[in-house]
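Data first, discussion second: the structure below is written as structure tokens.
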Amino acid sequence: LRTWLHQCNEHHGGDCHSILDPWARIDKIHPLLLVDVQQMCLIGQSQTPEDALYVALSYVWGPAASPFQTLRSNLAQLRTHGALSPVSVGNQLPRTIRDSMVVVQLLGLRYLWVDRLCIVQDDPTTKPHQLASMASIYSNAYFTIAAGEGDADSGLAGLSRDSARSQPFKVFHFSPSCTMIEKSPTRSRPAEGKGYNTRGWTFQEWAFSRRILVFHQQTVSWCCQRLRQQENGAEPNPYETVPQHPGREDGRHSMWTSWPNLETYLDVARRYSERTLGYQEDMLNAFAAFTNVFGRTMTGDMLYGVPELFFHGLLLFTFNPFQKSWRRICANEESSALLPSWSWVAW
């Protein structure tokens, strides 16, 4: 992992270090909260330098995810030294988050951004702003850790005995100083029909990340703008090893243009609408990063995910003839009103 990171840092220049294409107009951002893996607690914006490097985590919460999260009632406590240590929280903190903190430590870094901890989940003032800033949060991250399999309680395969993985390659120990690994043609791919590759929230997290370290059940992959590597030695197929990136070609971001690009918008909307959400009322929130960026090149407002510039034409959206279509039903009538039937986000 260190080799991949070093190679990218030393040889890829602005391709991997600049924030997407200039036309994306992603803002620089200094997250309100970060997890400090040295002090094992949350740390505020004023306590970190503006150019502090942080790693972002992209994962699936899951239906049975731990209820442990940052709330207004426990924010002060979680900002105290050691509040997120194993002694303090035990197994309350989901395993995937615990393992990600270990990865950050092992790579000699200090800060981690995790939505469950770095967004105060019941704060009506800061939470909407944070959700709207997801493009900036993931684009500004040093790199993103993606849990390509399982959910928040599954962990990152290979980091601990509890999250052991099956190895698709053979290891030969010829002597104490000579070990060889059989290069395997096996390519890891996310589980079909479930998990990371089908969830709505992870779609925008993946799309706006410049560099991604993906943990699969069998191997680890690195994906940046110029390099794709896989731990087992196989040359990864980008459309199998990791979820297909909206608008990326040969590893580069090509989804952003200086003009209102309806074709790209339709492609992103189609892919996103095929994803699933645990709560249907999150349909707009999980698309907020795209709304924010598309809105910068399209005159007028974004109306429930629909650009005003192309509003009349987009009222003619159609359903996939090979799939069943139904109206998204939210938990309450107030939330359902946020998804009007004339917008594709309601279906």
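No gaps in the numbering here: position 329 of the sequence shown is 329 in full-length UniProt numbering, and each next residue is one more.
Every residue gets a Cβ at the ideal spot worked out from N, C-alpha and C, and that includes glycine.
When DSSP states are grouped into helix, strand and coil, residue 199 belongs to the strand group. Of all C-beta pairs linking the stretch 51–70 to the stretch 143–152, three or more are shorter than 8 Å, placing the two stretches in contact.
Under the three-state reduction of DSSP, residue 276 is assigned to strand.
The criterion of a C-beta distance shorter than 8 Å is not satisfied by residue 342 and residue 319.
When DSSP reads this structure, residue 230 sits in a beta bridge with 221.
A distance below 7 Å between beta-carbons, with the five flanking residues on each side excluded, links residue 120 to the following residues of its chain, in chain order: 70, 71, 72, 75, 126 and 127. Nearest to residue 290 by alpha-carbon distance, out of 259, 203, 309 and 77, is 203. Distance between residue 3 and residue 47, taken at the CA atoms: about 30 Å. The continuous alpha helix (DSSP H) containing residue 13 extends over residues 13–17. Residue state for residue 133 is assigned as coil, using DSSP reduced to three classes.
If you check the CB distance, residue 227 and residue 92 do not come in under 8 Å.
With respect to residue 60, residue 207 sits apart: the two C-beta atoms are not nearer than 8 Å. Residue environment: residue 87 is assigned as exposed (fewer than 16 neighbouring CB atoms within 10 Å of its CB, all protein chains considered).
Where residue 173 is concerned, there is no enclosing alpha helix (DSSP H), although the beta strand (DSSP E) around it starts and stops at 171–175. Per DSSP, reduced to three states, the secondary structure at residue 307 is strand.
The DSSP-derived three-state label of residue 46 is helix. Between residue 276 and residue 210, the CB-CB gap reaches or exceeds 8 Å. CA-to-CA, the gap between residue 223 and residue 5 works out to about 10 Å. Following the DSSP letters along the chain, one finds residue 144 inside the beta strand (DSSP E) bounded by residues 143–147. Following the DSSP letters along the chain, one finds residue 36 inside the beta strand (DSSP E) bounded by residues 33–36.
By DSSP's assignment, residue 212 forms a beta bridge with 144 and 223. The stretch 35–44 makes no contact with the stretch 133–143: fewer than 3 CB pairs, one atom from each, lie closer than 8 Å. Under the DSSP assignment, residue 293 falls in the alpha helix (DSSP H) whose first and last residues are 288–294.
Bounds of the beta strand (DSSP E) holding residue 55 are 54–58.
Around the beta-carbon of residue 178, fewer than 16 other beta-carbon atoms lie within 10 Å, marking it exposed.
DSSP places residue 112 in the strand class (E or B) of the three-state scheme. DSSP places residue 330 outside both helix and strand once states are collapsed to three, so it counts as coil. By the neighbour-count criterion, in which 16 or more other beta carbons inside 10 Å mark a residue as buried, residue 215 falls on the buried side. Within the same chain, 157, 190, 191, 195, 196, 215, 216 and 217 come within 8 Å of residue 149 by CB-CB distance, once the 5 residues on both sides are set aside. Between the C-alpha atoms of residue 117 and residue 42 there is a straight-line separation of about 8 Å. Sixteen is the threshold: when 16 or more other Cβ atoms of the shown chains lie within 10 Å of the Cβ of residue 344, as they do, the residue is buried. DSSP places residue 298 in the coil class of the three-state scheme, outside both helix and strand.
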